[in-house]
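A short worksheet on the structure shown next.
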Amino acid sequence: MTAVPERAAARRDATAEAEYEAHLRGICFKNGPPRLVGVELEWLVHDLRDPAAPVAHDRLDAAFAAVRALPLRSALTLEPGGQLELSSRPADSLTACVETTSADLSLVREALARHGLRLAGHGHDPWRPPRRFLTDHRYTAMERYFDRLGTAGRSMMCCTASVQVCLDAGYAEPGPLGAGRRWRMAHLLGAVLTAAFANSPLRLGAPTGYRSTRQALWSALDPGRTQAPPDGPDPRSAWAGYVLDAPVMFIRLPDGGPFHVPDRLTFRDWVRGGADRRPTAEDLGHHLTTLFPPVRPRGHLELRMIDAQPGEDGWIVPLAVTTALFDDQQAAETAYRTVKPLAETAGDVPAPRSRLWSNAARSGLADPELRSAATHCFALALEALPRLGASPAIVAAVAEFTDRYVARGRCPADDLLTGPTGKERP
């Protein structure tokens, strides 16, 4: 007598699963001509005089309240360890994105300085241990989830910061500006960007053995939510399958209490009845925010592999280089041919766990293969930036970075390890 209800439930679950998959396929890439650019900047917040000193939570609360009151055009959010993130609005040009974001950063810096604090551009905090600032249910559940896998999760949550470049997905058709080509290039060029902009060689004041400790941490985390989907001819299907087969980090409870952290439950399992209740579209939305592959399709492409950069304007260079290599058709075609041979080093292991990405995190541009690719790609970017209407200041910043680092096989991390002259620090 129970066979009919069971078959009905199975049909209902299969229908829901197909609907979720169709929804994911529909939202991951919004096709059209590459036109808009955005940037998401994460910053560590340090004491103005002693960057290694812990900052009291009440002091951070007061400073962040002042920042929230500012007339910012960018979206402002806080990360679990008290990192501050500014997310620009989509801009019609690289120069417009830089100008509006720079103006917002100036306001934020002035407000923080009045509280004796400053923004610091490091991929990983060089001195302070992980300490969680946000205590809401989401981050408590996230911490519990990652603690099952070791200590890397707490460091990732509380001690890391990045420059995330957001670009349009591209045309549905093949070609240099097509979404499929841009998706494939992002996972190869991403290793070059990781190496060139590596800026996190220290942890608790000591070298870690990596130029990008931040990237090494991501590689050590749950691969079901941090590595790239499998490569294939249909990125939409690959992404939809990846999302459904990724582990569920938490389930929100109807009473509003602490979130349930399930053990080895995928979203597909959940749809098929693996928990006390079926997931909703809102649950899927929350699930998507807990997936951290190096390239995340959110309608646009979000490139997440670049360490936060030193200096007030260091973030402009990775934004400019990445935009030029993706959005200028001539540069995009040649850049793809430049990075395509890197697939042999990457092999069949998805980023960021492949040998290619491991070499980038450990060696930066000391790796000969990555140095050669970076040299070609930065030259292409410098040629393309004027064609994209980039301001002379942006072009000059990229040229200075190229001369200081890329041409010498160095990255910002090397300044922290050996000093800007390349000589070993005492």
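Residue numbers 0 to 425, in numbering that gives the first Met the number 0, belong to the letters of the sequence shown in order. Backbone N, C-alpha and C fix where the C-beta goes; we use that ideal spot for every residue, glycine too.
Through-space distance from residue j to residue i, alpha-carbon basis
i: Ala90; j: Asp275; result: 44 Å
i: Thr225; j: Ala406; result: 31 Å
i: Asp306; j: Ala398; result: 19 Å
i: Gly240; j: Ile250; result: 20 Å
i: Ala245; j: Arg48; result: 43 Å
i: Pro194; j: Arg277; result: Here residue 194 turns out to be Ala, not Pro, going by the sequence shown. Approximately 42 Å between the Cα atoms of the pair.
i: Pro425; j: Phe63; result: Note that Pro425 scores a pLDDT of 38, beneath 50, so its modelled location is shaky; the value from the coordinates is reported in the next line. If you take the alpha carbons of Pro425 and Phe63, they lie about 38 Å apart.
i: Leu116; j: Val338; result: 40 Å
i: Arg67; j: Ala119; result: 19 Å
i: Ala331; j: Phe28; result: 18 Å
i: Gly204; j: Val294; result: 30 Å
i: Leu429; j: Ala55; result: With the chain represented from 0 up to 425, any question about residue 429 goes unanswered, as that position is not in the structure.
i: Leu216; j: Tyr170; result: 33 Å
i: Gln214; j: Arg24; result: 28 Å
i: Arg181; j: Pro296; result: 11 Å
i: Thr279; j: Leu264; result: 16 Å
i: Ala412; j: Tyr19; result: 42 Å
i: Thr207; j: His22; result: 42 Å
i: Trp126; j: Pro32; result: 44 Å
i: Phe444; j: Gly122; result: Since the first residue shown for the chain is 0 and the last is 425, residue 444 is missing from the structure and cannot be characterised.
i: Asp124; j: Cys157; result: 9 Å
i: Val320; j: Val348; result: 26 Å
i: Arg352; j: Ala227; result: 9 Å
i: Gly313; j: Ala350; result: 25 Å
i: Arg11; j: Ile26; result: 23 Å
i: Gly189; j: Tyr335; result: 12 Å
i: Pro129; j: Thr212; result: 14 Å
Distance between beta carbons of residue j and residue i, contact taken as under 8 Å
i: Val191; j: Val38; result: Their Cβ separation, rounded to whole angstroms, is 18 Å, which puts Val191 and Val38 out of contact at 8 Å.
i: Leu384; j: Leu300; result: Not confirmed; about 19 Å, so no contact.
i: His286; j: Phe266; result: 5 Å
i: Pro79; j: Arg147; result: The Cβ separation is near 17 Å, so there is no contact.
i: Leu364; j: Gly408; result: 5 Å
i: Tyr209; j: Pro200; result: 6 Å
i: Val270; j: Ala15; result: 5 Å
i: Leu69; j: Val107; result: 7 Å
i: Leu381; j: Thr401; result: 7 Å
i: Leu252; j: Leu324; result: Actually they are not in contact, since the Cβ atoms of Leu252 and Leu324 sit about 45 Å apart, beyond 8 Å.
i: Cys410; j: Asn198; result: 7 Å
Sheet register partners of residue i (DSSP bridge)
i: Gln163; result: Glu39
i: Asp306; result: Ser161
i: Arg295; result: Glu301
i: Leu116; result: Asp46
i: Gly177; result: Tyr170
i: Ile250; result: His259
i: Pro206; result: Leu201
i: Glu84; result: Glu41 and Thr76
i: His123; result: Thr159
i: Phe377; result: According to DSSP, Phe377 bridges with nothing at all.
i: Ser211; result: Ser199
i: Phe28; result: Gly298
i: Thr333; result: According to DSSP, which records beta bridges pairwise, Thr333 is partnered with nothing at all.
i: Ala90; result: Val36
i: Thr265; result: Pro246
Chain C contact for residue i (CB, 8 Å cutoff)
i: Trp217; result: In summary, chain C is missing from the structure at hand, where a single protein chain is found.
Residue nearest to residue i in terms of C-alpha spacing, selected from the options
i: Ser101; options: Pro206, Leu318 and Leu216; result: Leu318
i: Arg72; options: Ala62, Glu84 and Gly80; result: Glu84
i: Ser161; options: Arg181, Gln308, Thr322 and Asp312; result: Gln308
i: Gly388; options: Leu93, Met248 and Leu23; result: Leu93
i: Ser87; options: Glu78, Glu98 and Pro79; result: Glu98
i: Gly149; options: Tyr170, Leu369, Ala219 and Arg127; result: Ala219
i: Gly179; options: Gly189, Pro349, Ala168 and Leu188; result: Ala168
i: Asp135; options: Pro173, Gly81 and Cys96; result: Gly81
i: Glu311; options: Arg336, Leu40 and Ala13; result: Leu40
i: Ser236; options: Ala17, Arg127 and Asp262; result: Ala17
i: Ala74; options: Pro53, Asp57, Leu104 and Ala280; result: Leu104
i: Pro261; options: Phe145, Ile26, Asp414 and Asp402; result: Phe145
i: Ala373; options: Thr333, Arg386 and Arg11; result: Thr333
i: Leu187; options: Gly177, Ile315, Asp57 and Leu341; result: Leu341
i: Thr344; options: Gln329, Thr321, Leu77 and Glu368; result: Glu368
i: Ala13; options: Asp268, Glu172 and Trp314; result: Asp268
i: Trp238; options: Pro391, Phe291 and Pro129; result: Phe291
i: Ile315; options: Gly272, Ala95 and Ile393; result: Ile393
i: Trp42; options: Met155, Thr159 and Arg34; result: Thr159
i: Thr289; options: Met184, Leu243, Arg354 and Asp46; result: Leu243
i: Glu172; options: Pro129, Asp327 and Asn30; result: Asn30
Distance cut-off 7 Å: residue i Cβ against heavy atoms of the ligand SAH
i: Arg24; result: Looking for the ligand SAH in the displayed structure turns up nothing, as the structure carries no ligands at all.
The segment 141 to 157 / the segment 109 to 118 touching (three or more Cβ pairs under 8 Å): Because the criterion of three Cβ pairs below 8 Å is not met, the segment 141 to 157 and the segment 109 to 118 do not touch.
Cβ contact check for the segment 53 to 67 and the segment 344 to 359: 3 or more pairs under 8 Å: no
Given 8 Å, three or more beta-carbon pairs between the segment 223 to 237 and the segment 249 to 263: no
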